[in-house]
Amino acid sequence: MQPKLKMRLGDLLVQEHIITEAQLNAALVQQQKTGDKLGRTLIASGCISEHQLLTFLAQQLKVPFIDITRRNIDQNTLRLIPEVQARRYRALPLEVHPDHVLVAMSDPADLQAIDNLERLLEPKKLGIAVVPEHQLLDAFDNLYRRTDEIASMAEQLDEEYAADDSFSLGQLTSEDSDSETTVVKLLQSIFADAVQMRASDIHIEPAENALRIRQRIDGHLNETLLPEVKIASALVLRLKLMAGLDISEKRLPQDGRFHIEVNKHKIDVRLSTMPVSHGESVVMRLLDQSVGLLTLEETGMPTDMIARLRRHIQRPNGMLLVTGPTGSGKTTTLYGVLSELNSAQRKIITVEDPVEYQIPRINQVQVNYKIGLDFSKVLRTSLRQDPDIIMVGEMRDKETVDIGLRGALTGHFVLSTLHTNDAITSALRLLDMGAAAYLVASALRVIIAQRLVRKVCFSCGHEHTLTTSERTWLQSVTGQAEVTGNYRKGPGCQVCAGTGYRGRIGVFEILELDDAMMDAMRIGDPQAFSEAAHNSPSFVPLAKSALDFLAQGLTTVEEVARLVEDVDGQHHPAIEPAAVAVSQGVS
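Numbering (our numbering), first residue to last: 5 to 591.
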């Protein structure tokens, strides 16, 4: 049995002169009205702070008062107190010892909760640590994932079809069937877990002996294996119904979209199916409409780059390209630019595939290849709609490039994206696609290249001393004999799900075309163009920008090395072990 207060909490606080008798009486009157606990009432009324109260309780009960934000709690330990009871009793299991379980509680004077927890943890004894309530609430949201719930429902669904190896289409599409209810609940849990973990994509992949469910979190895949491979057909069928796809077609890929609401988050889901060896693979891109558009400042772009970019986007004509591989945040940057340009005085038309965010006042067109409504056709029509600004989702072919460049020369400001490695090769890619050199030189004004790197977790990140291999790599990349910076790294905690990273930040380079670059472009000399770009005093390469973030402690050597390898195509074995270790931790 845990130690308990010898006197009532209010009387103890008065006796220790922490609150007055009058404050206690007023709090008791208020408590009668609200039904809240006395401690919370005293905190709400301003008589005492939460930190003061918990410190006092810890001293009286002779238990530790701790900070759990940096703790990385094992999932097996969490299972000792299910989520429902954990939230009800405001209790979180932290450590398992031979004779007791250390449990964090926000109210160690709650005798009923203590009694119930002791019964729940038998035969081990209960050990208590005092923790602020807001830390517990955050921990519940971060730690109690739905993996067990997903596994349980997958097993239940598998049992419902144990008698028959084939699924009944009528049964699965009937709203009243038990199987349909289980499928829906399973999908709800999968989506809820993905939203909780801030996943950008969900992959459902049937294999020979397992169903693989993967989430892409901060650009890295995290995998869960379910042995119930047979339920994959039921999940895919239900998702096809939600997306309005042909449920009888399993031989051809299909694309669709639908909207769901998960924990007050409005999610736009873009779904793609593809036939594979053991069924159909499904990938869903999740777009949280509740988050809204990011400003240029929120993308992580340095203030000097933002100032330079703003000068260019106020031009009446010309072309702006945003480049980078898939998933590098190009669309986010373009939407940030559009948000700044959006006004009653400007006519803006976008050509997108798909339209990701609905923006008031902007005319957004969704391409539809099935009816011949492609980028070039919409772009050609857009030029007859008297626009001031046109955004083209992607420069995919010569016709689209030519129309975009000519539009930029005839009084329109054109924004678009291109899949290239860096800013310098982007201009040359337009030539490779068949665009006339004089058109590119005359219309193209600025190119932004970007990548995303993971940020060191704000909770567990701490000062990091470079290893020998890390220091050697940095010296080779920077060309400096000595490298210094505010290097940081996270060992992993509940906030970052043990990865050491939380969220991502954009790394950018901006190339502003000057006379020397335009002259090289007109004569089609890629070598001269590249030299002119590198000699530009305002040009800062992606690698240099990433190294700046590293020196500021925003990211790690592993993340920067991954970016540098992606940009220049060179492998860096000096830091391979560390990079592999990080990758394994999140996949």
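C-beta: ideal position from N, C-alpha, C; glycine also.
Does residue i pass the burial test, meaning 16 or more other C-beta atoms within 10 Å, or should it be called exposed?
| i | result |
| --- | --- |
| residue 79 | exposed |
| residue 173 | Residue confidence for residue 173 is low, a pLDDT of 40 falling below 50, so the modelled location carries little weight and cannot support an answer. |
| residue 180 | With a pLDDT of 49 at residue 180, under the threshold of 50, the modelled position of that residue is not reliable, and the figure given next carries that caveat. That one is exposed. |
| residue 485 | exposed |
| residue 123 | exposed |
| residue 21 | exposed |
| residue 255 | exposed |
| residue 278 | exposed |
| residue 341 | buried |
| residue 347 | exposed |
| residue 23 | buried |
| residue 562 | buried |
| residue 421 | buried |
| residue 538 | exposed |
| residue 267 | exposed |
| residue 229 | exposed |
| residue 3 | The chain is shown only over 5 to 591; residue 3 falls outside these bounds and no answer can be derived. |
| residue 103 | exposed |
| residue 12 | exposed |
| residue 459 | buried |
| residue 146 | buried |
Reducing DSSP to helix, strand and coil, say where residue i ends up.
| i | result |
| --- | --- |
| residue 250 | coil |
| residue 470 | coil |
| residue 508 | strand |
| residue 41 | coil |
| residue 206 | strand |
| residue 265 | strand |
| residue 91 | helix |
| residue 1 | Because the chain is modelled from 5 through 591, residue 1 falls outside the range shown and cannot be assessed. |
| residue 83 | coil |
| residue 307 | helix |
| residue 287 | strand |
| residue 29 | helix |
| residue 12 | coil |
| residue 465 | coil |
| residue 368 | strand |
| residue 118 | helix |
| residue 399 | coil |
| residue 356 | strand |
| residue 558 | coil |
| residue 212 | coil |
| residue 278 | strand |
| residue 300 | coil |
| residue 258 | strand |
| residue 159 | helix |
Quick one: give me the first and last residue of the beta strand (DSSP E) that residue i is part of.
| i | result |
| --- | --- |
| residue 129 | 129 to 134 |
| residue 324 | 322 to 327 |
| residue 108 | 104 to 109 |
| residue 449 | 448 to 460 |
| residue 224 | 224 to 230 |
| residue 63 | From DSSP, residue 63 is part of no beta strand (DSSP E) but of the alpha helix (DSSP H) over 54 to 65. |
| residue 420 | 417 to 422 |
| residue 215 | 215 to 221 |
Would you please state the rounded distance, in angstroms, between the beta carbons of residue i and residue j? I believe it to be under 8 Å.
| i | j | result |
| --- | --- | --- |
| residue 233 | residue 215 | 5 Å |
| residue 323 | residue 449 | 6 Å |
| residue 344 | residue 317 | 7 Å |
| residue 499 | residue 508 | Actually they are not in contact, since the Cβ atoms of residue 499 and residue 508 sit about 15 Å apart, beyond 8 Å. |
| residue 351 | residue 391 | 5 Å |
| residue 304 | residue 510 | 4 Å |
| residue 100 | residue 81 | 6 Å |
| residue 396 | residue 404 | 7 Å |
| residue 31 | residue 46 | 5 Å |
| residue 300 | residue 272 | With 8 Å as the limit, residue 300 and residue 272 do not qualify as a contact, their Cβ atoms being about 23 Å apart. |
| residue 426 | residue 546 | 6 Å |
| residue 549 | residue 512 | 6 Å |
Could you check where the alpha helix (DSSP H) with residue i kicks off and where it finishes?
| i | result |
| --- | --- |
| residue 341 | 334 to 345 |
| residue 430 | 427 to 436 |
| residue 539 | 530 to 539 |
| residue 138 | 137 to 147 |
| residue 380 | 379 to 386 |
| residue 526 | 519 to 526 |
Counting beta carbon pairs with one atom in the region 478 to 495 and one in the region 349 to 366, are three or more of them shorter than 8 Å?
Counting Cβ pairs under 8 Å, fewer than three are found: no touch.
Is the region 379 to 386 touching the region 273 to 288 in the sense that three or more CB pairs, one from each, lie closer than 8 Å?
No, because fewer than three Cβ pairs between the region 273 to 288 and the region 379 to 386 fall closer than 8 Å, the two stretches do not touch.
Per the contact definition of three or more C-beta pairs closer than 8 Å, is the region 125 to 145 in contact with the region 64 to 79?
The region 64 to 79 makes contact with the region 125 to 145; the number of CB pairs closer than 8 Å reaches 3 or more.
So does the region 154 to 164 actually touch the region 108 to 119, counting three or more Cβ pairs closer than 8 Å?
When Cβ pairs closer than 8 Å are counted between the two stretches, the region 154 to 164 is seen not to touch the region 108 to 119, the count staying below three.
Using 8 Å as the threshold, is the region 462 to 472 in touch with the region 519 to 530, meaning 3 or more CB pairs across them?
Too few Cβ pairs lie closer than 8 Å, so no.
The region 101 to 108 / the region 123 to 134 touching (three or more Cβ pairs under 8 Å):
Under the 8 Å Cβ criterion, the region 101 to 108 counts as touching the region 123 to 134, having at least three qualifying pairs.
Spell out a yes or no on whether the region 240 to 247 and the region 258 to 268 are touching, meaning 3 or more CB-CB pairs, one atom from each, closer than 8 Å.
Using a Cβ-Cβ distance cut-off of 8 Å, the region 240 to 247 and the region 258 to 268 are in contact, since at least three pairs of beta carbons, one from each stretch, lie closer than that value.
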